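J.: My questions all concern the structure below.
In the UniProt record's numbering, the protein residues as written are 1 to 700.
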């Protein structure tokens, strides 16, 4: 009997439709796995074409090019003498499936279609694929001619089967199948499968890693076995960042942990494990063995190959480790930074431009770019030739070696403070000091001339001049004047992004960064087409509370002392006139709610699926120590009025890094109307009736 088996789980930074690059990364991962002694290699979900192809899955080209890549893999000597498990879309009897193609020595062993598709939140797999619903059923799949010519096979098994090697048995799960109540690994384990594999396209969300690790470990805790988890990493073309975390687990304990955030395009996690540890673990679980005696068996594909080593007794096996989790502040520092680097290098731009206001949100965005520069310098120091090559191409210097994050920041990051007559000297100083400490190329400019020119055109045409409220104008006039300032900043941001490097005698253009947080987007506390309108937004999925904690983290870990005064200052838009030279406008007063309250509303609305009435019912208990029911009712009504009035702004929201499960992203995560009946008459009447009943109950 075989004992010591060596297996590999890969985290690859694949890119949707980048068949050339994806093939190269797959080859590299197989080569590394073999060099470390692995006899089985598992890659991420849909790794050949890239997970995020979306409606490109409908195109026959995507299927064709996937098979062309598979042909290259099959005929290469790199893939010999190792079981390779790769992901790609496959059309079987005119139905498109999300599949694993498992092959060995130019022979396809099994095509295994996904049985449970991810179709919530950011996932829309049912739009493009059909789940395989024939449990424990295998059919013949007729191979395309280009594959037949390599393998010599006309047909191969297609369906829900497991692989039986000469020394063990392997069963496949795919991403969502691990998260379902009746995961395949349960009955596969009862049927004698000893090694479970899971190829995933799982994206980062703050505080999600714990859940994923617990699921993987629990998969073998009750039933025994080895669990191999591979995942995509990086930005493959949209709002999501896939966060790797490849892992290998045995009998409920983590054996090997991959990185969650790194700039390495290819990461291969290899572990050697003793199959006898699985067998002895299972032997003493009598309830498991009784269930196993009655299980409906899986079809087995026999494989004339061993995963165990010839000199297995002399091979040391891996021992359990403790998973090392990042704090939420570390996740914010690393995840969006890696996403920005992928976006920058793949868009072939020369850097970023950020309107830096001296407030928490834009400062947090600047810190993420600074963290990106840290990651780049660290990767180069550790010998990452790809990162060095990308950095040289971005800065247009073939001899450049990034060593100092501040110096790299100077080359790739431009910050711009756009003052108006309503700006305070304090915010100007804060922005300038932060720019100095992170090393960005900083610009100070004044927008008053542009604002006066635009308002002047309106006055010439209408014969009327709008005024701020403090000067006797109406709220409508005041809001319009604030919006003009905000929108002028957006126009100037794009002008400077396109021409700043030109003016400095440097090649290339800059990507404009937005800095509206998830809470402001939810409330709609932003001007449509202001500086929240940008190319991308690294903090658009992060709450104000988490951003404040992240700022404190940057003070302590990056020694950015300029952030102390930014932390202590009340958030303000600085769009209304100053009073005695001081800021009179604050965000929370403008919004009519605190950022802490906004986070609660957001989680109840999205995660708890609460409408106005349900939210009220939950909050009268959550806030019973601080608010009377009538006050809770007033707060809930105000939130839903403001949310619904401003929902239209979400249709033009800048593509943002997805980090929070209550994000109001209208693109595909949070699908809602954008023209509401903002009176909510029926819903609010139900709240009022409940408030009156509670008042009567308490004799009020």
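A virtual CB, placed ideally from N, CA and C, is assigned to each residue, including glycine.
This one's a predicted model, so the numbers in the text were calculated from it and none came from an experiment.
What residue ranges within the segment 209-256 form continuous alpha helix (DSSP H) runs of no fewer than 4 residues, ordered along the chain?
T.: DSSP runs (the alpha helix (DSSP H)) wholly in the segment 209-256: 209-221.
J.: Measure the alpha-carbon distance for residue 65 versus residue 541 and round it to whole angstroms.
T.: 34 Å
J.: Quick check on residue 608: buried or exposed, where buried means 16 or more other Cβ atoms within 10 Å of its Cβ?
T.: exposed
J.: Report all residues from its chain with a CB closer than 8 Å to the CB of residue 343; omit the five preceding and five following residues, and keep chain order.
T.: 235, 511, 536
J.: In terms of DSSP beta bridges, what is residue 83 paired with?
T.: 40, per the DSSP bridge assignment.
J.: Mind the definition here: the segment 325-338 touches the segment 396-408 only if three or more C-beta pairs lie below 8 Å; say whether that holds.
T.: no
J.: What is the DSSP secondary structure of residue 429, counted as helix, strand or coil?
T.: helix
J.: How about residue 515 and residue 404: do their beta carbons lie closer than 7 Å?
T.: no
J.: Which of the three DSSP states, helix, strand or coil, is assigned to residue 305?
T.: coil
J.: Where does residue 593 fall in DSSP's three states?
T.: coil
J.: Evaluate contact between the segment 402-422 and the segment 375-392, counting only Cβ atoms and requiring at least three cross-stretch pairs below 8 Å.
T.: Between the segment 402-422 and the segment 375-392, the count of Cβ pairs shorter than 8 Å is three or higher; the stretches touch.
J.: For the putative contact between residue 253 and residue 217, defined by C-beta atoms under 8 Å, what is the C-beta separation to the nearest angstrom?
T.: 7 Å
J.: With a 10 Å radius around its C-beta and 16 neighbouring C-beta atoms as the bar for buried, classify residue 389 as buried or exposed.
T.: Around the beta carbon of residue 389, fewer than 16 other beta carbons sit within 10 angstroms, so the residue counts as exposed.
J.: Whole alpha helix (DSSP H) runs in the segment 73-157 with 4 or more residues, listed along the chain?
T.: 125-128, 145-151
J.: How would you write the range of the beta strand (DSSP E) that residue 545 sits in, first residue to last?
T.: Premise fails: residue 545 lies in the alpha helix (DSSP H), 544-557, not in any beta strand (DSSP E).
J.: Should residue 200 and residue 231 be called a contact, given that it needs their Cβ atoms to be closer than 7 Å?
T.: yes
J.: Nearest CA to the CA of residue 170: which residue from 198, 144, 154, 262?
T.: For the residues 198, 144, 154, 262, the minimum Cα distance to residue 170 belongs to 198.
J.: Quick check on DSSP: helix, strand or coil for residue 489?
T.: helix
J.: Go to residue 531, then tell me how far its beta strand (DSSP E) extends in each direction, as first and last residue.
T.: Run containing residue 531: none; DSSP gives neither H nor E here.
J.: For the putative contact between residue 625 and residue 478, defined by C-beta atoms under 8 Å, what is the C-beta separation to the nearest angstrom?
T.: Approximately 37 Å separates the beta-carbon atoms of residue 625 and residue 478; this is outside 8 Å, ruling out the contact.
J.: In or out: residue 274 buried (at least 16 other Cβ within 10 Å) or exposed?
T.: buried
J.: Using 10 angstroms around the beta-carbon of residue 247, count the other beta-carbons present and answer buried if the total reaches 16, otherwise exposed.
T.: buried
J.: Can you tell me which residues form a DSSP beta bridge with residue 274?
T.: The partner list for residue 274 (beta bridge, DSSP) reads 4.
J.: So residue 657 packs on residue 239, CB below 8 Å; how close in whole Å?
T.: The pair is a contact, with the Cβ atoms about 7 Å apart (cut-off 8 Å).
J.: Residue 203 to residue 123, Cα distance in whole Å?
T.: Approximately 10 Å between the Cα atoms of the pair.
J.: Starting from the Cα of residue 100, find the closest Cα among 135, 47, 107, 68 and give me that residue.
T.: 47
J.: I need the DSSP call for residue 193, collapsed to helix, strand or coil.
T.: Three-state result, residue 193: coil.
J.: What does the Cβ neighbour count give for residue 364, buried or exposed, with the cut at 16 atoms within 10 Å?
T.: buried
J.: Could you tell me the alpha carbon to alpha carbon distance between residue 80 and residue 30, rounded to whole angstroms?
T.: One alpha carbon belongs to residue 80, the other to residue 30, and they sit about 10 Å apart.
J.: Can you tell me which of 423, 457, 435, 317 puts its alpha carbon nearest to the alpha carbon of residue 412?
T.: Comparing Cα positions, the closest option is 435.
J.: Counting only the same chain and skipping the five closest in sequence on each side, list residues whose C-beta sits under 7 Å from that of residue 489.
T.: 355, 418, 447, 530, 531
J.: Below 8 Å on the Cβ atoms is my contact criterion, and I expect residue 103 with residue 74 to pass it. Report the Cβ-Cβ distance as a whole number of Å.
T.: 6 Å
J.: Are the segment 500-509 and the segment 634-651 touching by the rule of at least three beta carbon pairs closer than 8 Å?
T.: Result no; under three Cβ-Cβ pairs closer than 8 Å.
J.: Suppose you measure from the CA of residue 309 to the CA of residue 654; what does that come to, to the nearest Å?
T.: 52 Å
J.: For residue 380, which option in 262, 432, 660, 420 has the closest C-alpha, if you only look at C-alpha atoms?
T.: 262
J.: Excluding the 5 residues flanking residue 566 on each side, which residues of the same chain have their C-beta closer than 8 Å to its C-beta?
T.: Its chain contains 358, 359, 360, 363, 430, 434, 551 as the residues whose beta carbon lies nearer than 8 Å to that of residue 566, once the 5 sequence neighbours on both sides are disregarded; these appear in chain order.
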